[in-house]
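Number of protein chains: 2
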Amino acid sequence: MEPIGIILTPFSNLQDMPIQPGGGEGVEGTVVIDPDYVEGLQDLEGFSHIYLIYLFHRARRVELTVVPFMDSEERGVFATRSPLRPSHIGLSIVELVGVAGNILTVRNLDILNSTPLLDIKPYIAAFDHVDKSRSGWLTAKEEQIRTTRADDRFV
Amino acid sequence: MEPIGIILTPFSNLQDMPIQPGGGEGVEGTVVIDPDYVEGLQDLEGFSHIYLIYLFHRARRVELTVVPFMDSEERGVFATRSPLRPSHIGLSIVELVGVAGNILTVRNLDILNSTPLLDIKPYIAAFDHVDKSRSGWLTAKEEQIRTTRADDRFV
Numbered sequence: 029m030e031p032i033g034i035i036l037t038p039f040s041n042l043q044d045m046p047i048q049p050g051g052g053e054g055v056e057g058t059v060v061i062d063p064d065y066v067e068g069l070q071d072l073e074g075f076s077h078i079y080l081i082y083l084f085h086r087a088r089r090v091e092l093t094v095v096p097f098m099d100s101e102e103r104g105v106f107a108t109r110s111p112l113r114p115s116h117i118g119l120s121i122v123e124l125v126g127v128a129g130n131i132l133t134v135r136n137l138d139i140l141n142s143t144p145l146l147d148i149k150p151y152i153a154a155f156d157h158v159d160k161s162r163s164g165w166l167t168a169k170e171e172q173i174r175t176t177r178a179d180d181r182f183v
Numbered sequence: 029m030e031p032i033g034i035i036l037t038p039f040s041n042l043q044d045m046p047i048q049p050g051g052g053e054g055v056e057g058t059v060v061i062d063p064d065y066v067e068g069l070q071d072l073e074g075f076s077h078i079y080l081i082y083l084f085h086r087a088r089r090v091e092l093t094v095v096p097f098m099d100s101e102e103r104g105v106f107a108t109r110s111p112l113r114p115s116h117i118g119l120s121i122v123e124l125v126g127v128a129g130n131i132l133t134v135r136n137l138d139i140l141n142s143t144p145l146l147d148i149k150p151y152i153a154a155f156d157h158v159d160k161s162r163s164g165w166l167t168a169k170e171e172q173i174r175t176t177r178a179d180d181r182f183v
């Protein structure tokens with residue numbers, strides 16, 4: 029599986045990075061797509077939000093249970109967004125500000141600089157909107173998302 | 029990148045498969061996780077919805093522009109959910125019915141039988157809910173999602 033581009037962000041270290049796009053509100057970055065794939069970006073600009081699917085390229089190991097940033101208990105890694113998951117795949121929904129050639133400007137970033145991008149998909153409310161959901165161990169903690177910052181536990 | 033499990037569904041052919049989870053409402057399947065990773069499933073059951081990230085294992089080629097199921101015009105592949113994307117990565121939000129050992133029961137499936145699973149992430153409203161979004165070329169067509177079925181164009 030080859031990257032299709034690279035994500036450039038203001039965050040060169042995990043420390044002090046927002047832990048989710050909600051905490052990165054207003055933070056802008058760019059996505060540089062391999063020029064070979066520029067034709068595939070046609071029509072993307074009509075979408076206000078996109079999924080970025082990427083590699084947690086700094087994650088060097090797998091931990092099947094982790095203590096998430098917003099918790100004090102060990103949780104199964106698949107019940108978290110920890111980078112130490114077996115596939116090392118990350119997923120973020122970001123706002124698409126604009127497309128110019130092979131360069132995308134995006135907003136609300138929680139992604140490390142120089143992250144290899146695997147795929148872009150449009151966010152489509154009719155497919156992706158979940159009306160009512162339960163968020164397990166996170167339910168009581170949702171308000172902390174905007175203010176919590178990463179540390180080095182997942183390095 | 030190694031699969032962490034396999035997705036078992038009633039759909040052995042693309043023909044007549046729902047094109048999105050919205051069209052697969054009520055359709056149940058199971059996800060069998062490699063027993064080595066069962067510890068990572070802890071706490072997952074608290075979430076009502078999960079992302080499945082998987083490989084479009086039947087897709088044999090890449091097409092940078094495609095005519096989506098719900099359209100009659102060519103669109104850039106990154107502005108669609110077509111399997112013929114460079115990475116061949118698929119993403120679906122499904123309902124989590126239950127977890128028993130290394131077996132997940134899931135509902136609302138639009139996935140082919142025997143699909144290799146790359147990752148599971150919890151759907152967390154505070155991270156993933158998008159309040160207002162624009163869906164580009166799809167906007168006028170959202171009502172067709174529930175009734176449209178796949179054909180063999182992406183085989």
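Protein sequence lines, in the order shown, are assigned to chains A and B.
In this text, residue positions in the first sequence follow the working numbering: the first is 29, and each later residue adds one.
In this text, residue positions in the second sequence follow the working numbering: the first is 29, and each later residue adds one.
Where a beta carbon is used, it is the ideal one built from N, C-alpha and C, also for glycine.
Nearest neighbour of Val122 of chain B, chosen from B:Val59, B:Gly33, B:Pro38, B:Tyr79 [CA to CA]: The option with the nearest alpha carbon to Val122 of chain B is B:Tyr79.
Pull out every residue of the region 72-90 of chain B whose Cβ sits closer than 7 Å to any Cβ of chain A, in chain order. Shown in chain order are the members of the region 72-90 of chain B whose Cβ falls below 7 Å from a Cβ of chain A: Leu72, Gly74, Phe75, Ser76, His77, Tyr79, Ile81.
Under three-state DSSP, which class holds Leu69 of chain B? Three-state DSSP puts Leu69 of chain B in a helix.
Proximity test, Cβ basis, 8 Å: Ala128 of chain B and chain A: Judged by the 8 Å Cβ criterion, Ala128 of chain B is not in contact with chain A.
Identify the contact partners of Ile148 of chain B in chain A, using a Cβ-Cβ distance below 8 Å as the criterion. Within 8 Å of the CB of Ile148 of chain B, the CB atoms of chain A belong to Phe106, in sequence order along the chain.
Measure from the C-beta of Val158 of chain B to each C-beta in chain A and report whether the shortest distance is under 8 Å. Yes, its Cβ sits closer than 8 Å to a Cβ of chain A.
Three-state secondary structure (DSSP) at Phe84 of chain B? Coil, per DSSP.
Check whether the Cβ atoms of Pro31 of chain B and Leu146 of chain B sit closer than 8 Å, and answer yes or no. A distance below 8 Å separates the beta carbons of Pro31 of chain B and Leu146 of chain B.
Secondary structure at Ile28 of chain A, three-state DSSP: helix, strand or coil? The structure shown has nothing for residue 28 of chain A, since chain A only spans 29 to 183.
N- and C-terminal bounds of the alpha helix (DSSP H) containing Asp156 of chain A: From DSSP, the alpha helix (DSSP H) with Asp156 of chain A extends over 153-156.
Hey, Leu124 of chain A and Tyr65 of chain B: beta-carbon distance below 8 Å or not? Remark: C-beta atoms of Leu124 of chain A and Tyr65 of chain B do not approach each other more closely than 8 Å.
For Leu69 of chain A, which residues in chain B fall below 8 Å Cβ to Cβ? When 8 Å is used as the limit between beta carbons, Leu69 of chain A is near these residues of chain B: Gly104, Phe106, Ala107, in chain order.
Please list the terminal residues of the continuous beta strand (DSSP E) segment that includes Asp147 of chain B. Asp147 of chain B -> beta strand (DSSP E) spans 143-150.
Cutoff 8 Å: Gly54 of chain A Cβ touching any chain B Cβ: For Gly54 of chain A, not one C-beta of chain B is nearer than 8 Å to its own C-beta.
Compute the Euclidean distance between the alpha carbons of Asp156 of chain A and Pro114 of chain B, then round it to the nearest angstrom. Each residue's alpha carbon lies about 22 Å from the other.
So what's Ala184 of chain A in DSSP terms, helix, strand or just coil? Because residue 184 of chain A is not part of the residues shown, which for chain A are 29 to 183, the question remains open.
Alpha-carbon spacing of Ser100 of chain A relative to Phe182 of chain A, whole angstroms: Straight-line spacing of the CA atoms in Ser100 of chain A and Phe182 of chain A works out to 15 Å.
If I measure Cβ to Cβ from Thr26 of chain A and keep anything under 6 Å in the same chain, skipping five residues before and after, which residues do I get? This structure cannot speak to residue 26 of chain A, because chain A is shown only from 29 to 183.
Cβ closer than 7 Å: which chain A residues qualify as neighbours of Met29 of chain B? Per Cβ cutoff of 7 Å: Met29, Ser115.
Closer than 7 Å by beta-carbon distance: list the chain A residues that pair up with Gly57 of chain B, in chain order. Contact of Gly57 of chain B with chain A by beta-carbon distance below 7 Å is absent, the smallest such distance being about 17 Å.
Whether Leu72 of chain B touches Arg89 of chain B by CB criterion (8 Å): It is not a contact, given that the beta carbons lie outside the stated cut-off.
What residue does the beta strand (DSSP E) around Ala128 of chain B start on, and which one ends it? Where Ala128 of chain B is concerned, the enclosing beta strand (DSSP E) stretches over 117-128.
Between the alpha carbons of Ile148 of chain B and Gly51 of chain A, how many angstroms are there, rounded? Using only the alpha carbons, I get a separation of about 22 Å.
Strictly under 8 Å for the Cβ-Cβ distance: is Phe155 of chain B near chain A by that measure? Output row for Phe155 of chain B: interface = yes.
Have a look at Phe106 of chain A and Arg86 of chain B and give me their C-alpha separation to the nearest angstrom. Roughly 26 Å between the two C-alpha positions.
Exposed or buried, what is Gln43 of chain B when buried is set at 16 or more other beta-carbons lying within 10 Å of its beta-carbon? Exposed, because fewer than 16 other Cβ atoms sit within 10 Å of the Cβ of Gln43 of chain B.
Neighbourhood of Val95 of chain A by C-beta distance below 8 Å, restricted to the same chain and skipping five residues each side: Excluding positions up to five away in sequence, the list reads Glu101, Glu102, Arg103, Arg181.
Continuous beta strand (DSSP E) stretch holding Glu56 of chain B: start and end: In the DSSP assignment, Glu56 of chain B falls within the beta strand (DSSP E) that extends over 56-61.
Could you tell me the distance, in whole angstroms, from the CA atom of Val60 of chain A to the CA atom of Ala128 of chain A? Distance between Val60 of chain A and Ala128 of chain A, taken at the CA atoms: about 10 Å.
Does any CB atom of chain A fall closer than 8 Å to the CB of Leu36 of chain B? No, Leu36 of chain B lies away from the interface with chain A (no Cβ there is under 8 Å from its Cβ).
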